[in-house]
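Student: The sequence shown begins at 4 in my numbering and counts up by one.
We put the CB at the ideal spot given by N, CA and C, even for glycine.
Here the structure is a predicted model, which is why all the values come from computation and not from measurement.
Structure incoming, see below.
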Amino acid sequence: MHHAFSFTATIPIIAVLCGVSIFAYWSTFFAGELRQGNSMKTANRMGAASILILSTVFVLVAIFFWRFGKDFLTAAFGGGLPSEIGSSAYYFILTSMQVGSPAFAVFLVASFVFFWPVIMAETTLQPPRTMFAWSFDGILPAAVTKVTRRGVPITATVITVALSILAYAWAIYWAKNFFQVLVYATLIQLITHLLVAISAITFPYRRTALYKASVSTHEIGGVPLMVVAGCGSIFTTVFLYWAYFHYPFFGLVGHKQNLVYWLVGAVAFGLIWYVGAKMVRRGQGVDIDKVYAEIPPE
């Protein structure tokens with residue numbers, strides 16, 4: 004073990020990495036999660052995609068530290084670069100200086116600049132898909148699924164853009180720092196992770212017939228694998244909540260009340276909306292609970 008290694012000092016870094024890497028599950032939104040539901044092919048592909056994303060990041064970071072050295076990177080990211088450079092220690096800055104080629108520097112900067120429109124386009128695909136699912140389940144009005152002649156989900160896209168602008172406005176004008184934005188987004192997102200984890204633990208026992216009819220019936224020592232995964236998800240959620248509230252540089256120490264408002268507000272809004280939609284649909288003679296009574300056919 005390296006003499007400078009400190010597990011205690013590593014714990015908050017784990018929380019930082021989890022806060023970013025946890026969103027690798029977004030690969031499932033682009034992998035046809037409802038296709039081939041009667042086999043494990045899609046599930047395995049989605050898992051492989053997430054692992055590939057994280058593995059690539061780890062490999063590139065390892066190469067970065069190997070080539071530049073831990074001491075240099077620590078000093079560079081700690082503000083040790085000469086002020087004449089006029090930039091932080093971004094990867095394309097350091098790599099360009101090492102190669103010493105203006106053309107290569109332009110290429111790296113361009114790859115960084117043009118990356119964002121692409122990732123934003125992909126990210127914008129996710130909320131409309133969710134809105135369509137909610138609409139099909141009867142939770143949102145059918146008007147949300149309106150599309151143009153070319154098949155563009157215009158209504159859902161407009162809602163997504165409007166909500167994104169509000170989120171950006173909050174991040175820019177009201178949030179105190181980047182860590183607060185990251186922490187708030189992660190902790191609110193973890194509410195859904197916790198609900199899915201609880202569902203995974205209870206599903207084999209509360210919906211035994213549906214569980215046995217599914218393809219996720221693998222067991223470890225007689226315990227359903229999804230129960231093990233659900234317990235792991237709960238452990239991860241508890242760890243992240245503890246870490247974000249424990250370490251001051253995440254911005255929650257002394258400002259917990261604001262986060263509580265956001266968390267409680269998000270949960271309350273979801274419950275009120277669902278109950279309201281259920282009552283409206285019931286008045287129309289539709290029981291939206293029937294949506295979860297069986298596994299949809301392939």
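What is the DSSP secondary structure of Pro227, counted as helix, strand or coil?
Tutor: Correct three-state label for Pro227: strand.
Student: Glu222 bridges to which residues according to DSSP?
Tutor: Per DSSP, Pro227.
Student: Does the separation of the CB atoms of Thr158 and Lys149 fall below 8 Å?
Tutor: Taking 8 Å as the Cβ cut-off, Thr158 and Lys149 qualify as a contacting pair.
Student: Around the Cβ of Ser2, are there at least 16 other Cβ atoms within 10 angstroms (buried) or fewer (exposed)?
Tutor: Because the chain here runs from 4 to 301, residue 2 falls outside it and cannot be looked at.
Student: Output yes or no for whether 8 Å exceeds the beta carbon distance between Leu262 and Tyr176.
Tutor: In this structure, Tyr176 does not lie closer than 8 Å to Leu262 by Cβ.
Student: Hey, would you say Thr163 sits closer than 8 Å to Pro131, going by beta carbons?
Tutor: A contact, by the Cβ cut-off of 8 Å.
Student: Alpha carbons only, please: which of Gly286, Phe61, Gly279 is nearest the one belonging to Ile142?
Tutor: Answer by Cα proximity: Gly279.
Student: Please state if the CB of Ala200 and the CB of Gly224 are separated by a distance shorter than 8 Å.
Tutor: In this structure, Ala200 does not lie closer than 8 Å to Gly224 by Cβ.
Student: Label Ala246 either buried or exposed according to how many other C-beta atoms from any shown protein chain fall within 10 Å of its C-beta, with 16 as the threshold for buried.
Tutor: Buried, because 16 or more other Cβ atoms sit within 10 Å of the Cβ of Ala246.
Student: Apart from the five residues just before and just after Gly22, which ones in its own chain have a Cβ nearer than 6 Å to its Cβ?
Tutor: Correct list, in chain order: Leu185, Thr189.
Student: Measuring alpha carbon to alpha carbon, tell me which of Gly72, Ile88, Ala92, Phe71 ends up nearest Gly81.
Tutor: Ranking the options by Cα distance to Gly81, first place goes to Ala92.
Student: Anyone know if the C-beta pair for Phe68 and Leu55 falls short of 8 Å?
Tutor: No, they are not a contact pair.
Student: Starting from Met282 and walking both ways along the alpha helix (DSSP H), at which residues does that stretch end?
Tutor: Run containing Met282: 259-286, per the alpha helix (DSSP H) assignment.
Student: Just verifying my parser: in three-state terms, what is the DSSP assignment at Gly103?
Tutor: Coil, per DSSP.
Student: According to DSSP, is Met49 part of a helix, a strand, or is it coil?
Tutor: Helix, per DSSP.
Student: Return the first residue and the last residue of the alpha helix (DSSP H) that Pro207 is part of.
Tutor: 181-209 is the span of the alpha helix (DSSP H), which, as asked, contains Pro207.
Student: Taking the CB atoms as reference points, tell me whether Phe248 and Phe182 lie closer together than 8 Å.
Tutor: Not in contact: Phe248 and Phe182 (Cβ atoms no closer than 8 Å).
Student: Give every residue of the same chain whose Cβ lies closer than 7 Å to the Cβ of Ala34, excluding the five residues on either side of it in the sequence, and list them in chain order.
Tutor: Unreliable positioning characterises Ala34 in this predicted model, as indicated by a pLDDT of 45, which lies under 50. The coordinate reading is nonetheless provided below. Thr45, Arg48, Met49, Ala52.
Student: Near Ile191, which residues of its chain fall below 7 Å by C-beta distance, leaving aside the five closest residues on each side in sequence?
Tutor: For Ile191, where only same-chain residues beyond five positions count, the Cβ hits under 7 Å are Trp265, Leu266, Ala269.
Student: How is Asp2 classed by DSSP in three states: helix, strand or coil?
Tutor: Residue 2 is absent from the structure shown; the chain starts at 4 and stops at 301.
Student: Grouping DSSP H, G and I as helix and E and B as strand, with all else coil, what is Leu255?
Tutor: The answer is coil: DSSP assigns Leu255 none of H, G, I, E or B.
Student: Where do the ends of the alpha helix (DSSP H) carrying Leu343 lie?
Tutor: Since the first and last residues shown for the chain are 4 and 301, residue 343 lies out of range.
Student: Tell me the residue span of the alpha helix (DSSP H) that contains Leu169.
Tutor: From DSSP, the alpha helix (DSSP H) with Leu169 extends over 157-172.
Student: Compute the Euclidean distance between the alpha carbons of Arg70 and Val256, then round it to the nearest angstrom.
Tutor: Looking at the two C-alpha atoms, the distance is approximately 37 Å.
Student: On the three-state DSSP scale, how would you describe Tyr93?
Tutor: Here Tyr93 sits in coil by DSSP.
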